[in-house]
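Chemist:
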Amino acid sequence: MNLKMRLITASYRQSDVTVELYGRTADGKSVTALYFGFKPYFYYVNPDDECIKKIKENPEFLDMQDKTLFLDGRNQNVKKIYIKSPWKVPEMRKICSCEALAADIPFHHRFLYDFDLGPSVEIDGEELDDEKNNYTTDYVIKINEIKNAEPFNPDLKILSFDIENSIKSKEIYVIGYAIYFNGSIRQGSISSDEESILRNFNKLIQDEDPDIITGYNIDGYDLPLLEERMREHHLSFNIGRDFLPPRRIMNQFWRLHGRVVDDAWWEVKKVLKPKHESLNYVANYLLNEGKENVDRLNIEDEWKNRKDDVIKYCIKDAYLALEIYRKIRILDRNLYMSTVSMLPLDDVTNGGTSTYVDSILIRRADRLNIAVPMSARSASNETYEGGYVHSIEPGLYDMVVVLDFKSMYPSMIIKYNICFTTLSPEGTIVAPNGARFLSPEVKKGLIPQILEELMKDRDSVKKQMKTDKENYEYLDGLQAAIKVLMNTFYGVLGTSFYRFTNREISSAITAFARDTITTIIKELENKKLRVIYGDTDSIFIESGKKTLDEAVKFGNDLSSSISKENNLTLEFEKIMDPLFSHGAKKRYAGKIVYPEDKRGEILVRGYETRRTDSFDLQSEALNNVFELVLDRNIDGAKKYAEDLIKKVSNGDVDIEKLVISRSVKEFSTYKNADSMANVNAARKMIERGETFIPGMKVSWIVTNSKKTPQEVEPFIDGMSFNYRPDYEYYSKRLQETLNRVLESLDKEIKIFKDPQAKLTDNFTEVREEKPKQKKNIEDYFK
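Residue numbering for the sequence shown follows the numbering used here, beginning at 127 and increasing consecutively.
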């Protein structure tokens, strides 16, 4: 049979080292595709005779081949070692003292790289009737031939679930679920004795066969609880498409063969960064609906007296998590990134950014016989100078033109042919840090080649967007994913652990970028233009024009001339009139007057309006002050600020606007946990029977800032707060915040003479720890 499927996950089964590809077809059928006979391998650089003898005597050894690979600026002889078992590679690579190459690439990635497979594949094969009972999918196929197919996005089945259980005994009372597939949602619940609930949950997953399992905080609560209760009843937690259980990886995410576990809570944290992370708050914010009314702190009594209400409550939680997951469209984003990085959906959802780069870079390196080193095993403390920031002077500026660098770091890599394949003492391109690179005429760098192609692909997609209105949304997501991938290349090259990391290279990139920005700023200043602000993203210039039309023409002309003179793309992005800053780097607010579709918007960067650990009134007040200042009503801004501070000092404020929120790690990671407001709030939550998972955001209100440590009480969404806030503390914080704006305009507020006293909350003091020894990456993909 022949079919095309979108890859959801890839793995291998240990019993016979068979590659397993899981996916779904365009018509909604789930598929397991098996490839037999693919063998693991790695390389040794110039092994001596004794080493070769040891390898051949090892029972895992299958074959050895001679190869020549480009490594450290020259071609070197290597041995390609084939062995029987992927999980034995870490052991085999330690037999000899010589350098091992490509010995930490997950086996399923090795398969995808070698066949150069992307996110959608076309398979010729035959159905395996004798394998059907080993998998939950509609089809189980033996792969005879496999090749890339044009990427497509099938309708994936998403199952969201929620658990209600006894706080005292942990006994599970009910599991609610909501399933989305083919445009419709089905809801239900499982309730009986606990053993039956667990068995039926396994059966639900097996029968429904979802591609994605989600819920709200299932990573840290529901899945560990299910795992624990399954053990208690001597049951297998067999919810994988191969009937294997999920595995927790590095206490961060879950691997499940054939399915993606994607916690809606974690995605909300990453995408929305809300000030409050409770399901009720986020659901009301996104969906305009909240949870059912059940007292979860007295769940035992509620289950005894209001069982039907608890079941309804549980189903609603599962439904809300599903709708939140769909609303933030994280699945679409992950599918776009899967397409551009040529990876299965799970590797994008639960993998790091280095995985994206590996997928592109290793394939190309293999085909050009370029060696692939192993990732570094420990972090380096070596640092290098970062990106340039042109300081901004305090004040109000008129008709400010903003020019945006189009992917500055990728542009530098392409322009100066920066790559580990071109780094050479013979190089004629000399970076400001002294690093030398061969010119593209002598040797085109591997990374510049890839980035050039990605940049052209993105330009092509953006061009298509102008005419293909039917697919505009898909194309927009695709071009955004390409941009992320391009910038990711620099990001991972600058880390200490990535396999192709070279500090000389990453330092050269930032040095060229700094040099480019300072050169452009000097050119502008030589033209008697006032540069207000600049960094690796953009440059702000005061146009000096009186009308918008004149400023727009100025922006277009300037963008064109600078781009041509410096052989890079500096796009005319917007005009702000006015622009304000109190003089701190990367902190400004401006009213957009161009382009037309954004006219009237107020853009704020770096101030408390964008910080999730500020309280709502702080953000609200700052926004209001900015609006008045940008309307040039400076006296009105001061009066508003003074009146508000006095009202808060008198307690005339909604206490919900005083809530502060901050994420809390494991308590043991902090040096002085007892002195930290967020930790103390989390501890009080636990004392009151509330769920706390390390990494979650905790909310509180300060009740006494004069004590050391300051006294706080947790604020729990939907529950009454029976404590008096420290109104003086909040008034002083407001004065401190608003004075950052007003002081620079000579309108300082002086209601409190010493507003800074005791206002610093130590949220982020973390104990220095040695980097933990990483497990073998192969363990994560078996």
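Ideal placement from N, C-alpha and C gives every residue a C-beta, glycine not left out.
Could you tell me which whole beta strand (DSSP E) segments of length 3 or greater appear in the segment 790-857?
Modeler: Those beta strand (DSSP E) runs which fall completely within the segment 790-857 and span 3+ residues are 823-830 and 837-840.
Chemist: Name the two residues that bound the continuous beta strand (DSSP E) containing ASN270.
Modeler: That run of the beta strand (DSSP E) goes 265-274.
Chemist: Tell me, to the nearest whole angstrom, how far the beta carbon of VAL526 is from that of GLU668; I am working on the premise that it is less than 8 angstroms.
Modeler: VAL526 to GLU668, Cβ: 6 angstroms. Contact.
Chemist: Using a Cβ-Cβ cutoff of less than 7 angstroms, which residues in the same chain neighbour LEU398 once the five nearest sequence positions on both sides are dropped?
Modeler: Result list for LEU398: ILE454, in chain order.
Chemist: On a CA-only basis, which of ALA491, ARG490 and MET463 is nearest GLY478? Give me that one, please.
Modeler: The residue with the shortest Cα to Cα distance from GLY478 is MET463.
Chemist: Is PHE278 helix, strand or coil when you go by DSSP?
Modeler: Coil, per DSSP.
Chemist: So is ASP388 buried or exposed if we call it buried at 16+ other beta carbons inside 10 Å?
Modeler: That one is buried.
Chemist: Do you know how far the Cα of GLU418 is from the Cα of LYS438?
Modeler: Using only the alpha carbons, I get a separation of about 8 angstroms.
Chemist: What would DSSP say about SER246, mapped onto helix, strand or coil?
Modeler: DSSP places SER246 in strand when its eight states are reduced to three.
Chemist: Would you report the Cα separation of GLY244 and LEU864, rounded to the nearest angstrom?
Modeler: When rounded, the distance between both Cα atoms is 52 angstroms.
Chemist: Whole angstroms are fine: how far does the CA of ILE827 sit from the CA of THR919?
Modeler: Within the shown structure, residues of the chain are numbered from 127 to 908, placing residue 919 beyond reach of any answer.
Chemist: Which first and last residues belong to the beta strand (DSSP E) in which LYS206 is found?
Modeler: Looking at the DSSP string, the run of the beta strand (DSSP E) that includes LYS206 is 200-209.
Chemist: Pull up the distance between the alpha-carbon of PRO574 and that of ILE272, whole angstroms please.
Modeler: Rounded to the nearest angstrom, the two C-alpha atoms are 30 angstroms apart.
Chemist: For the segment 603-611 against the segment 456-472, are there 3 or more C-beta pairs whose distance is under 8 angstroms?
Modeler: They touch, by the three-pair rule.
Chemist: Between which two residues does the beta strand (DSSP E) carrying PHE196 extend?
Modeler: It spans 187-197 - the beta strand (DSSP E) in which PHE196 sits, taken as one unbroken run.
Chemist: Let me confirm a value: SER317 is counted as buried when at least 16 other C-beta atoms fall within 10 Å, else exposed. Which label applies?
Modeler: Buried: at least 16 other Cβ atoms inside 10 Å.
Chemist: Just the C-alpha distance for ASN128 and ASP250, rounded to the nearest angstrom, thanks.
Modeler: Distance between the alpha carbons of ASN128 and ASP250 is about 5 angstroms.
Chemist: By DSSP's criteria, LYS700 is part of a beta bridge. Which residues make up the other side?
Modeler: Bridge partners of LYS700: VAL528.
Chemist: How many angstroms separate the CA atom of VAL892 from the CA atom of LYS858?
Modeler: Because VAL892 carries a pLDDT of 34, less than 50, the predicted location of this residue cannot be relied on, and the following value inherits that uncertainty. Between VAL892 and LYS858, the C-alpha separation is close to 27 angstroms.
Chemist: Can you tell which of PHE187, ALA447 and MET845 has the C-alpha that lies nearest to the C-alpha of TRP392?
Modeler: The candidate whose alpha carbon is nearest that of TRP392 is ALA447.
Chemist: In this structure, what does DSSP give as the bridge partners for THR135?
Modeler: Answer is TYR148.
Chemist: Please report the distance separating the alpha-carbon of PHE615 from that of ASP443.
Modeler: Each residue's alpha carbon lies about 39 angstroms from the other.
Chemist: Locate the alpha helix (DSSP H) running through TYR239, then write down its first and last residues.
Modeler: 233-240 is the span of the alpha helix (DSSP H), which, as asked, contains TYR239.
Chemist: Do ILE331 and ILE365 count as a contact pair if the criterion is CB distance below 7 angstroms?
Modeler: Contact: yes.
Chemist: Would you check if the distance between the CB atom of ASP585 and the CB atom of GLU699 is smaller than 7 angstroms?
Modeler: No, these two residues do not count as a Cβ contact at 7 angstroms.
Chemist: ARG200: buried (16+ other C-beta within 10 angstroms of its C-beta) or exposed?
Modeler: Burial call: exposed.
Chemist: Taking 7 angstroms as the CB-CB cut-off, is ASN830 touching chain B?
Modeler: Absent from the structure is chain B; it holds one protein chain and no more.
Chemist: Span of the alpha helix (DSSP H) holding ALA228?
Modeler: Here ALA228 belongs to no alpha helix (DSSP H), and DSSP marks it neither H nor E.
Chemist: Measuring straight from C-alpha to C-alpha, what distance separates TYR342 and ASP189?
Modeler: Their backbone Cα atoms lie some 49 angstroms apart in a straight line.
Chemist: Which residues bound the beta strand (DSSP E) around GLU290?
Modeler: Its beta strand (DSSP E) spans residues 284-291.
Chemist: Got a sec, what are the start and stop residues for the beta strand (DSSP E) ILE178 sits in?
Modeler: Element bounds for ILE178: not the beta strand (DSSP E) but the alpha helix (DSSP H), 175-183.
Chemist: Could you spell out where the beta strand (DSSP E) holding LEU729 opens and where it closes?
Modeler: Taken as a continuous stretch (DSSP letters only), the beta strand (DSSP E) holding LEU729 covers 728-731.
Chemist: Does the segment 259-266 come close enough to the segment 305-321 to have 3 or more Cβ pairs within less than 8 angstroms?
Modeler: No, they do not touch.
Chemist: How should PHE162 be labelled, buried or exposed, when 16 other C-beta atoms within 10 angstroms of its C-beta is the threshold for buried?
Modeler: Counting Cβ neighbours within 10 Å, PHE162 comes out exposed, since fewer than 16 surround it.
Chemist: So is ILE812 buried or exposed if we call it buried at 16+ other beta carbons inside 10 Å?
Modeler: When all chains shown are included, ILE812 counts as exposed.
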